[in-house]
(Lines of atoms letter the chains of each structure in order from A and count residues from 1; the text may use other names and numbers.)
(Lines give C-alpha, C1' and ligand atoms only; values in the text may rest on other atoms or scores of the structure.)
Protein backbone atom coordinates (compact mmCIF):
# COMPACT_ATOMS: atom_id res chain seq x y z
CA UNK A 1 0.00 0.00 0.00
CA UNK A 2 1.57 3.37 -1.08
CA UNK A 3 1.54 6.57 1.00
CA UNK A 4 -1.62 7.95 -0.65
CA UNK A 5 -3.56 4.75 -0.03
CA UNK A 6 -2.39 4.68 3.59
CA UNK A 7 -3.56 8.26 4.08
CA UNK A 8 -6.98 7.54 2.57
CA UNK A 9 -7.32 4.41 4.68
CA UNK A 10 -6.49 6.42 7.82
CA UNK A 11 -9.05 9.10 6.95
CA UNK A 12 -11.74 6.46 6.39
CA UNK A 13 -11.06 4.93 9.80
CA UNK A 14 -11.09 8.37 11.43
CA UNK A 15 -14.49 9.03 9.83
CA UNK A 16 -15.81 5.86 11.49
CA UNK A 17 -14.47 7.13 14.82
CA UNK A 18 -16.16 10.52 14.36
CA UNK A 19 -19.48 8.86 13.52
CA UNK A 20 -19.26 6.80 16.70
CA UNK A 21 -18.43 9.91 18.73
CA UNK A 22 -21.46 11.76 17.38
CA UNK A 23 -23.76 8.78 17.91
CA UNK A 24 -22.80 8.54 21.59
CA UNK A 25 -22.16 12.15 22.62
CA UNK A 26 -23.93 14.24 19.95
CA UNK A 27 -20.72 16.28 19.66
CA UNK A 28 -19.49 17.07 16.19
CA UNK A 29 -15.72 16.62 16.15
CA UNK A 30 -13.49 17.51 13.20
CA UNK A 31 -10.18 15.83 12.34
CA UNK A 32 -7.43 17.71 10.50
CA UNK A 33 -3.98 16.46 9.50
CA UNK A 34 -0.80 18.29 8.46
CA UNK A 35 -1.76 18.11 4.78
CA UNK A 36 -5.03 19.88 5.66
CA UNK A 37 -7.09 16.80 4.88
CA UNK A 38 -10.32 17.26 6.82
CA UNK A 39 -12.67 14.59 8.15
CA UNK A 40 -16.02 14.98 9.85
CA UNK A 41 -18.77 12.43 10.46
CA UNK A 42 -20.28 13.02 7.01
CA UNK A 43 -17.37 13.71 4.67
CA UNK A 44 -13.68 13.56 3.83
CA UNK A 45 -12.18 16.65 2.18
CA UNK A 46 -8.67 16.26 0.77
CA UNK A 47 -8.49 19.64 -0.99
CA UNK A 48 -6.69 22.00 1.47
CA UNK A 49 -8.55 25.13 0.30
CA UNK A 50 -11.95 23.45 0.60
CA UNK A 51 -10.95 22.07 4.00
CA UNK A 52 -9.97 25.55 5.24
CA UNK A 53 -13.25 27.03 4.07
CA UNK A 54 -15.35 24.19 5.46
CA UNK A 55 -13.71 24.32 8.90
CA UNK A 56 -13.88 28.12 9.05
CA UNK A 57 -17.61 28.08 8.25
CA UNK A 58 -18.24 25.45 10.93
CA UNK A 59 -16.12 26.95 13.70
CA UNK A 60 -16.13 30.70 13.08
CA UNK A 61 -14.31 32.52 15.88
CA UNK A 62 -14.72 29.80 18.52
CA UNK A 63 -11.77 28.62 20.57
CA UNK A 64 -10.81 25.02 19.77
CA UNK A 65 -9.18 22.23 21.71
CA UNK A 66 -6.89 20.14 19.54
CA UNK A 67 -6.26 16.56 20.70
CA UNK A 68 -3.19 15.11 18.91
CA UNK A 69 -3.66 11.64 17.45
CA UNK A 70 -0.50 9.52 17.62
CA UNK A 71 -0.33 6.39 15.47
CA UNK A 72 2.67 4.10 15.61
CA UNK A 73 4.50 6.82 17.58
CA UNK A 74 4.01 9.54 14.93
CA UNK A 75 1.69 12.55 14.83
CA UNK A 76 -1.19 11.96 12.39
CA UNK A 77 -3.29 15.06 13.06
CA UNK A 78 -5.67 16.65 15.54
CA UNK A 79 -9.19 15.96 16.75
CA UNK A 80 -10.76 19.42 17.02
CA UNK A 81 -13.34 20.12 19.73
CA UNK A 82 -15.11 23.53 19.75
CA UNK A 83 -15.22 25.26 23.12
CA UNK A 84 -18.56 25.44 24.95
CA UNK A 85 -19.96 26.37 28.37
CA UNK A 86 -19.54 22.79 29.60
CA UNK A 87 -15.86 22.63 28.64
CA UNK A 88 -13.73 22.69 31.78
CA UNK A 89 -10.58 20.86 32.89
CA UNK A 90 -12.47 17.86 34.28
CA UNK A 91 -14.48 17.57 31.06
CA UNK A 92 -11.32 17.71 28.91
CA UNK A 93 -9.69 14.91 30.93
CA UNK A 94 -12.76 12.70 30.49
CA UNK A 95 -13.14 13.63 26.83
CA UNK A 96 -9.52 12.75 26.04
CA UNK A 97 -10.08 9.32 27.58
CA UNK A 98 -13.26 9.02 25.56
CA UNK A 99 -11.47 9.93 22.30
CA UNK A 100 -8.73 7.46 23.09
CA UNK A 101 -11.24 4.67 23.71
CA UNK A 102 -13.33 5.30 20.61
CA UNK A 103 -10.21 5.61 18.46
CA UNK A 104 -8.96 2.20 19.61
CA UNK A 105 -12.39 0.74 18.95
CA UNK A 106 -12.76 2.35 15.50
CA UNK A 107 -9.41 1.38 14.01
CA UNK A 108 -9.67 -2.10 12.55
CA UNK A 109 -6.01 -3.13 12.79
CA UNK A 110 -5.32 -4.26 16.34
CA UNK A 111 -1.58 -4.00 15.72
CA UNK A 112 -1.80 -0.19 15.49
CA UNK A 113 -0.14 1.74 18.33
CA UNK A 114 -2.68 4.48 19.01
CA UNK A 115 -2.70 7.29 21.54
CA UNK A 116 -4.72 10.48 21.95
CA UNK A 117 -2.79 13.11 23.91
CA UNK A 118 -3.93 16.00 26.09
CA UNK A 119 -5.23 19.00 24.11
CA UNK A 120 -3.58 22.20 22.93
CA UNK A 121 -5.71 25.36 22.93
CA UNK A 122 -6.32 26.91 19.51
CA UNK A 123 -7.41 30.55 19.72
CA UNK A 124 -6.96 31.53 16.08
CA UNK A 125 -7.88 29.09 13.30
CA UNK A 126 -5.83 30.85 10.61
CA UNK A 127 -2.69 30.76 12.74
CA UNK A 128 -3.37 27.09 13.45
CA UNK A 129 -3.47 26.40 9.68
CA UNK A 130 -0.04 28.03 9.30
CA UNK A 131 1.46 26.20 12.27
CA UNK A 132 0.01 22.85 11.19
CA UNK A 133 1.58 23.10 7.73
CA UNK A 134 4.91 24.48 8.98
CA UNK A 135 8.12 22.51 8.58
CA UNK A 136 8.46 22.12 12.34
CA UNK A 137 5.15 20.31 12.69
CA UNK A 138 5.61 18.41 9.42
CA UNK A 139 8.80 16.95 10.89
CA UNK A 140 6.74 15.24 13.60
CA UNK A 141 5.45 12.85 10.94
CA UNK A 142 9.01 11.68 10.29
CA UNK A 143 10.24 11.01 13.84
CA UNK A 144 8.67 9.35 16.86
CA UNK A 145 6.78 11.57 19.32
CA UNK A 146 6.52 8.93 22.02
CA UNK A 147 8.50 5.83 22.88
CA UNK A 148 7.60 3.48 25.72
CA UNK A 149 4.77 5.88 26.67
CA UNK A 150 7.25 8.77 27.19
CA UNK A 151 7.43 11.95 25.05
CA UNK A 152 10.58 12.30 22.96
CA UNK A 153 9.51 15.43 21.09
CA UNK A 154 8.29 18.50 22.88
CA UNK A 155 4.83 19.87 22.07
CA UNK A 156 3.42 22.46 24.52
CA UNK A 157 0.72 21.15 26.89
CA UNK A 158 0.96 17.55 25.66
CA UNK A 159 1.50 14.79 28.22
CA UNK A 160 1.13 11.04 28.38
CA UNK A 161 -1.21 10.22 31.24
CA UNK A 162 -0.36 7.90 34.09
CA UNK A 163 -1.90 5.74 35.60
CA UNK A 164 -3.23 3.70 32.73
CA UNK A 165 -6.10 4.84 30.59
CA UNK A 166 -8.31 1.98 31.82
CA UNK A 167 -7.64 2.64 35.51
CA UNK A 168 -8.37 6.35 35.11
CA UNK A 169 -11.75 5.59 33.54
CA UNK A 170 -12.68 3.11 36.28
CA UNK A 171 -11.58 5.58 38.98
CA UNK A 172 -13.71 8.28 37.35
CA UNK A 173 -16.63 5.84 37.22
CA UNK A 174 -16.36 5.04 40.93
CA UNK A 175 -16.11 8.75 41.76
CA UNK A 176 -19.16 9.49 39.63
CA UNK A 177 -21.14 6.75 41.39
CA UNK A 178 -20.03 8.18 44.77
CA UNK A 179 -21.43 11.60 43.91
CA UNK A 180 -24.64 10.33 42.30
CA UNK A 181 -25.57 7.27 44.36
CA UNK A 182 -28.93 8.88 45.18
CA UNK A 183 -29.86 8.97 41.49
CA UNK A 184 -31.16 6.33 39.08
CA UNK A 185 -27.84 5.02 37.76
CA UNK A 186 -27.42 2.57 34.92
CA UNK A 187 -24.66 1.59 32.53
CA UNK A 188 -25.90 3.82 29.72
CA UNK A 189 -26.28 7.08 31.63
CA UNK A 190 -23.00 6.66 33.52
CA UNK A 191 -21.13 5.81 30.30
CA UNK A 192 -22.64 8.86 28.62
CA UNK A 193 -21.60 11.10 31.52
CA UNK A 194 -18.02 9.81 31.26
CA UNK A 195 -17.90 9.84 27.43
CA UNK A 196 -17.18 6.15 26.98
CA UNK A 197 -19.18 3.46 25.25
CA UNK A 198 -21.39 1.32 27.54
CA UNK A 199 -19.93 -1.96 26.30
CA UNK A 200 -16.37 -0.77 26.86
CA UNK A 201 -17.17 0.55 30.35
CA UNK A 202 -18.88 -2.70 31.28
CA UNK A 203 -15.87 -4.74 30.18
CA UNK A 204 -13.13 -2.72 31.89
CA UNK A 205 -15.18 -2.19 35.06
CA UNK A 206 -15.63 -5.91 35.57
CA UNK A 207 -11.95 -6.53 34.91
CA UNK A 208 -10.81 -3.95 37.49
CA UNK A 209 -13.52 -4.23 40.17
CA UNK A 210 -14.17 -7.99 39.87
CA UNK A 211 -17.93 -7.66 39.60
CA UNK A 212 -20.51 -6.41 37.14
CA UNK A 213 -21.28 -2.72 36.90
CA UNK A 214 -24.90 -3.13 38.00
CA UNK A 215 -24.01 -5.38 40.95
CA UNK A 216 -21.54 -2.78 42.21
CA UNK A 217 -24.15 -0.03 42.01
CA UNK A 218 -26.79 -2.17 43.69
CA UNK A 219 -24.45 -3.06 46.54
CA UNK A 220 -23.53 0.60 47.01
CA UNK A 221 -27.20 1.59 47.10
CA UNK A 222 -28.11 -1.13 49.59
CA UNK A 223 -25.23 -0.08 51.86
CA UNK A 224 -26.46 3.53 51.72
CA UNK A 225 -30.00 2.33 52.47
CA UNK A 226 -28.69 0.41 55.51
CA UNK A 227 -27.18 3.63 56.85
CA UNK A 228 -30.48 5.47 56.38
CA UNK A 229 -32.46 2.67 58.00
CA UNK A 230 -30.30 2.68 61.12
CA UNK A 231 -29.38 6.35 61.49
CA UNK A 232 -32.62 8.08 60.43
CA UNK A 233 -36.34 7.68 61.03
CA UNK A 234 -37.17 7.93 57.32
CA UNK A 235 -39.84 5.59 55.99
CA UNK A 236 -39.01 2.72 53.63
CA UNK A 237 -40.56 4.70 50.78
CA UNK A 238 -38.43 7.75 51.57
CA UNK A 239 -35.25 5.69 51.79
CA UNK A 240 -36.09 3.97 48.52
CA UNK A 241 -36.38 7.36 46.80
CA UNK A 242 -33.24 8.73 48.47
CA UNK A 243 -31.20 5.83 47.11
CA UNK A 244 -32.47 6.23 43.55
CA UNK A 245 -35.08 3.47 43.33
CA UNK A 246 -38.23 4.28 41.39
CA UNK A 247 -40.31 1.61 43.16
CA UNK A 248 -40.29 0.67 46.85
CA UNK A 249 -41.28 -2.89 45.97
CA UNK A 250 -38.15 -3.40 43.87
CA UNK A 251 -36.00 -1.79 46.56
CA UNK A 252 -37.42 -4.16 49.20
CA UNK A 253 -36.87 -7.18 46.95
CA UNK A 254 -33.27 -6.23 46.19
CA UNK A 255 -32.56 -5.37 49.84
CA UNK A 256 -33.70 -8.81 50.99
CA UNK A 257 -31.73 -10.46 48.18
CA UNK A 258 -28.50 -8.76 49.31
CA UNK A 259 -28.94 -8.88 53.10
CA UNK A 260 -31.26 -11.82 53.76
CA UNK A 261 -33.63 -9.46 55.61
CA UNK A 262 -36.41 -7.09 54.65
CA UNK A 263 -35.68 -3.41 55.35
CA UNK A 264 -38.01 -3.41 58.36
CA UNK A 265 -36.45 -6.56 59.85
CA UNK A 266 -32.97 -5.15 59.29
CA UNK A 267 -33.93 -1.91 61.07
CA UNK A 268 -35.36 -3.87 63.99
CA UNK A 269 -32.42 -6.30 64.29
CA UNK A 270 -29.81 -3.53 64.25
CA UNK A 271 -31.87 -0.95 66.16
CA UNK A 272 -29.06 -0.10 68.61
CA UNK A 273 -26.52 1.00 65.99
CA UNK A 274 -25.14 4.49 66.71
CA UNK A 275 -22.33 4.93 64.17
CA UNK A 276 -21.41 3.45 60.77
CA UNK A 277 -18.24 3.57 58.68
CA UNK A 278 -18.75 2.35 55.11
CA UNK A 279 -15.80 1.29 52.93
CA UNK A 280 -16.49 0.78 49.23
CA UNK A 281 -14.28 -1.20 46.90
CA UNK A 282 -11.81 0.79 44.83
CA UNK A 283 -8.69 0.01 42.81
CA UNK A 284 -6.48 -0.19 45.92
CA UNK A 285 -8.24 -3.37 47.09
CA UNK A 286 -5.75 -6.08 46.16
CA UNK A 287 -6.95 -9.73 46.24
CA UNK A 288 -4.29 -10.83 48.74
CA UNK A 289 -5.61 -8.43 51.41
CA UNK A 290 -8.18 -9.15 54.11
CA UNK A 291 -11.13 -7.19 55.47
CA UNK A 292 -8.91 -6.41 58.46
CA UNK A 293 -6.09 -5.09 56.21
CA UNK A 294 -8.42 -2.85 54.21
CA UNK A 295 -10.09 -1.53 57.36
CA UNK A 296 -6.77 -0.62 59.01
CA UNK A 297 -5.62 1.15 55.84
CA UNK A 298 -8.90 3.09 55.58
CA UNK A 299 -8.82 4.34 59.17
CA UNK A 300 -5.13 5.28 58.91
CA UNK A 301 -5.55 7.14 55.61
CA UNK A 302 -8.52 9.09 56.99
CA UNK A 303 -6.78 9.93 60.27
CA UNK A 304 -9.31 7.97 62.31
CA UNK A 305 -7.84 6.57 65.53
CA UNK A 306 -8.41 2.87 66.18
CA UNK A 307 -7.21 0.26 68.67
CA UNK A 308 -6.68 -3.48 68.32
CA UNK A 309 -6.54 -6.45 70.67
CA UNK A 310 -6.28 -10.19 70.10
CA UNK A 311 -9.44 -12.23 70.59
CA UNK A 312 -9.10 -16.02 70.33
CA UNK A 313 -5.82 -15.52 68.49
CA UNK A 314 -7.20 -13.06 65.91
CA UNK A 315 -6.83 -9.26 65.78
CA UNK A 316 -10.03 -7.42 66.67
CA UNK A 317 -10.67 -3.70 66.22
CA UNK A 318 -12.35 -2.79 69.49
CA UNK A 319 -12.12 1.02 69.36
CA UNK A 320 -12.66 3.45 66.47
CA UNK A 321 -12.42 7.19 67.05
CA UNK A 322 -13.98 7.82 70.48
CA UNK A 323 -16.18 4.70 70.58
CA UNK A 324 -15.02 1.43 72.17
CA UNK A 325 -16.30 -1.76 73.81
CA UNK A 326 -15.40 -0.83 77.37
CA UNK A 327 -19.03 -0.23 78.26
CA UNK A 328 -21.12 -3.31 79.00
CA UNK A 329 -22.76 -4.84 75.90
CA UNK A 330 -21.28 -2.17 73.60
CA UNK A 331 -18.84 -2.74 70.76
CA UNK A 332 -18.02 -2.76 67.07
CA UNK A 333 -19.35 -5.31 64.59
CA UNK A 334 -18.74 -5.46 60.85
CA UNK A 335 -20.71 -6.35 57.75
CA UNK A 336 -19.17 -7.63 54.53
CA UNK A 337 -21.23 -7.10 51.40
CA UNK A 338 -24.12 -5.97 53.62
CA UNK A 339 -24.25 -9.16 55.72
CA UNK A 340 -22.72 -10.01 59.11
CA UNK A 341 -20.13 -12.83 58.86
CA UNK A 342 -19.07 -15.17 61.64
CA UNK A 343 -15.45 -15.35 60.41
CA UNK A 344 -12.72 -13.06 61.87
CA UNK A 345 -12.01 -10.01 59.70
CA UNK A 346 -8.38 -11.07 59.25
CA UNK A 347 -9.51 -14.37 57.68
CA UNK A 348 -11.89 -12.88 55.08
CA UNK A 349 -10.23 -12.18 51.72
CA UNK A 350 -11.54 -9.14 49.86
CA UNK A 351 -10.87 -10.83 46.51
CA UNK A 352 -14.51 -10.60 45.38
CA UNK A 353 -15.91 -8.37 48.14
CA UNK A 354 -17.38 -4.93 47.47
CA UNK A 355 -18.39 -3.41 50.80
CA UNK A 356 -17.12 -3.33 54.39
CA UNK A 357 -19.15 -1.62 57.11
CA UNK A 358 -18.14 -1.05 60.73
CA UNK A 359 -21.13 -0.54 63.01
CA UNK A 360 -21.04 0.60 66.63
CA UNK A 361 -23.81 -0.77 68.84
CA UNK A 362 -24.57 -0.06 72.46
CA UNK A 363 -26.17 -3.48 72.80
CA UNK A 364 -24.35 -6.49 71.33
CA UNK A 365 -26.87 -9.00 69.95
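Residue numbers (the UniProt record's numbering): 1 to 365. Think of the CB as a built atom: it goes at the ideal place given N, C-alpha and C, for glycine as much as any other residue.
Residues of its chain near residue i, where Cβ-Cβ distance is below 6 Å and the 5 sequence neighbours each way are ignored
i	result
residue 256	262
residue 85	none
residue 63	83 and 123
residue 299	306
residue 41	18, 19 and 22
Same chain, Cβ closer than 7 Å to residue i, five either side skipped, listed in chain order
i	result
residue 337	219, 353, 354 and 355
residue 59	82 and 125
residue 56	125
residue 321	304 and 305
residue 212	206
residue 317	295, 306, 308 and 332
residue 315	292, 308 and 346
residue 323	275 and 360
residue 267	229 and 230
Rounded straight-line distance, which links the Cα of residue j to that of residue i
i	j	result
residue 328	residue 363	8 Å
residue 66	residue 351	41 Å
residue 31	residue 172	26 Å
residue 221	residue 93	27 Å
residue 142	residue 71	A caution first: residue 142 carries a pLDDT of 46, below 50, which makes its placement in the model too unreliable to give a value.
residue 180	residue 224	12 Å
residue 359	residue 116	46 Å
residue 185	residue 134	48 Å
residue 252	residue 201	28 Å
residue 104	residue 69	11 Å
residue 334	residue 29	50 Å
residue 288	residue 196	30 Å
residue 44	residue 194	28 Å
residue 302	residue 357	15 Å
residue 119	residue 27	16 Å
When the options are compared against residue i, the one with the closest alpha-carbon
i	options	result
residue 273	309, 311 and 331	331
residue 178	326, 280 and 12	280
residue 35	43, 288, 48 and 241	48
residue 33	317, 102, 27 and 11	11
residue 276	5, 77, 176 and 361	361
residue 25	191, 285, 278 and 232	191
Contacting residues, own chain, Cβ-Cβ under 8 Å from residue i (five flanking each side not counted)
i	result
residue 128	64, 66 and 122
residue 170	204, 205, 208, 209 and 283
residue 234	228 and 242
residue 100	114, 115, 116 and 165
With 16 other Cβ atoms within 10 Å as the buried cut-off, status of residue i
i	result
residue 258	buried
residue 366	Only positions 1 to 365 of the chain appear in the structure, and residue 366 is not among them; the question remains open.
residue 226	buried
residue 39	buried
residue 199	exposed
residue 237	exposed
residue 216	buried
Sequence ranges, beta strand (DSSP E) only - wholly within the segment 229-314, length at least 3
For the segment 229-314, the full-length beta strand (DSSP E) segments reaching 3 residues or more read 273-280 and 306-311 along the chain.
Every unbroken alpha helix (DSSP H) within the segment 15-96, with a cutoff of 4 residues, ordered by chain:
Fully enclosed alpha helix (DSSP H) runs of 4 or longer: 48-59.
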